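If you count the sequence shown from 1, you need to add 46 to reach the numbering used here.
Remarks on the structure that follows.
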Amino acid sequence: MTTEPVPDTVGDLVCSARRCGATATSGLLWNNPALHTPARRKVWLACPEHVEHLSQYLDTRGFLRDVVDVDTLVHDEPAGLDAR
Ligand SMILES: [Zn+2]
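So, in structure tokens, the structure goes:
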């Protein structure tokens with residue numbers, strides 16, 4: 047029996063790099079086995095300028111699992127007019 051990894055949902059598509067507010071185009075899916083269950087996928091968002099830096103950061107720690115287009119990620123949907 048296999049468990050399909052499920053990426054966390056994402057909010058605003060803003061690059062996760064420090065002091066970068068650019069629109070993200072890629073999602074870096076990662077997992078820290080010491081903290082997360084195997085099917086968990088944390089998501090960092092990255093603009094074209096930072097996708098390589100951020101993916102290398104995760105890869106050197108052995109956390110990087112996949113790099114995907116942001117279009118494939120599930121967005122947090124606002125609950126509607128009743129949302130605060
Ligand atoms: Zn960036």
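C-beta atoms are modelled at their ideal positions from N, C-alpha and C, and glycine is treated no differently.
Computed from a predicted structure; not experimentally measured.
Can you list the residues near ligand 1, meaning Cβ strictly closer than 7 angstroms to any non-hydrogen atom, in the order they appear in the chain? Taken from the N-terminal end onward, the list reads 61, 63, 66, 68, 92, 93, 95 and 96.
Whose C-alpha, out of 118, 50, 117 and 92, is nearest the C-alpha of residue 69? 92
Would you verify that the beta carbon of residue 53 is, or is not, closer than 8 angstroms to some beta carbon of chain B? Of the protein chains in the structure, only one exists, and it is not chain B.
Excluding the five sequence neighbours on either side, which residues of its own chain have a C-beta within less than 6 angstroms of the C-beta of residue 136, listed in chain order? Lying outside 47 to 130, the shown extent of the chain, residue 136 is not represented and no answer is given.
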